[in-house]
Ligand code: HEC
């Protein structure tokens with residue numbers, strides 16, 4: 022009799038969490054969160070590598086440029102699926118609001134994806150040295166404002182933009198998404 026009560030209590034304890042409403046948040050050490058954070062770090066390293074080549078802080082190498090641009094493009098393409106419900110909010114730095122704003126989040130992901138694809142295309146035909154037509158002339162076409170940029174409200178054809186300009190627009194998309202959908206944790 023006592024044994025049965027104990028078993029029943031154990032079953033209830035197991036079933037308990039499943040009976041509650043599904044939570045937005047992931048537990049600590051969630052592999053989905055770890056994977057997307059690693060993916061973000063790869064994007065950051067790739068963007069830094071390309072920026073360094075254009076700024077002259079790193080040797081320009083067409084193959085390294087192409088590899089980094091391919092990484093940006095692949096990581097950007099994966100973005101949309103990396104934030105499923107159940108993995109948002111602390112301890113992750115992904116804001117729970119992502120789930121209320123999927124269309125906006127996905128538009129940002131598509132926007133950066135389009136730019137990164139265009140950059141990867143250009144990097145595939147990159148000349149042995151940086152040429153003037155790869156350089157951004159003057160300010161970015163939107164005046165350089167990081168705020169108030171709307172994905173979708175674009176702009177010229179990315180294929181016609183200089184590589185350096187594409188990189189700057191990509192970096193603006195990182196910032197736009199982070200300011201809206203990333204939070205500080207701890
Ligand atoms: C569509 C939205 C979005 C875009 C675009 C985006 N990020 Fe993020 N990024 C996030 C969110 C949300 C997090 C928090 C992820 C988490 O902690 O679960 C994050 C986290 C990061 C982190 C921290 C990763 C860690 O170790 O915790 C880095 C670095 C980063 N992003 C770099 C970039 C760079 C560089 C770009 C552009 C090339 C970029 N991100 C584009 C949404 C975005």
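Numbering (the numbering used here), first residue to last: 22 to 207. C-beta: ideal position from N, C-alpha, C; glycine also.
Pop quiz: residue 133 and residue 71 are said to be a contact at Cβ under 8 Å. What is the actual Cβ separation, rounded to whole angstroms? Not confirmed; about 14 Å, so no contact.
Give the C-beta separation of residue 141 and residue 94 to the nearest angstrom, bearing in mind that I take them to be a contact with Cβ-Cβ under 8 Å. Confirmed, Cβ separation roughly 4 Å.
Output the distance between the C-alpha atoms of residue 46 and residue 145, rounded to the nearest integer angstrom. 40 Å
Among the candidates 109, 198, 138, 200, whose CA atom is the shortest distance from the CA of residue 48? 109
If you follow the alpha helix (DSSP H) that residue 145 is part of, which residue opens it and which one closes it? 123-145
Nearest-angstrom Cα separation, counted from residue 202 out to residue 77: 32 Å
Whole-angstrom Cβ separation of residue 67 and residue 89, contact assumed at under 8 Å? Yes, residue 67 and residue 89 are in contact; Cβ-Cβ is about 4 Å, under 8 Å.
How long is the line joining the alpha carbons of residue 103 and residue 44, rounded to whole angstroms? Residue 103 and residue 44: Cα-Cα distance of roughly 17 Å.
Considering Cα atoms alone, identify which of 150, 183, 205 is closest to residue 84. 150
Can you check whether the CB of residue 143 is closer than 7 Å to the CB of residue 97? Contact: no.
Environment of residue 199 [buried if 16+ CB atoms lie within 10 Å]: Around the CB of residue 199, fewer than 16 other CB atoms lie within 10 Å, so the residue is classed as exposed.
What do you reckon, are the CB atoms on residue 86 and residue 180 nearer than 7 Å? Result no, Cβ atoms of residue 86 and residue 180 do not sit closer than 7 Å.
Where does the unbroken alpha helix (DSSP H) through residue 83 begin, and where does it stop? 83-99
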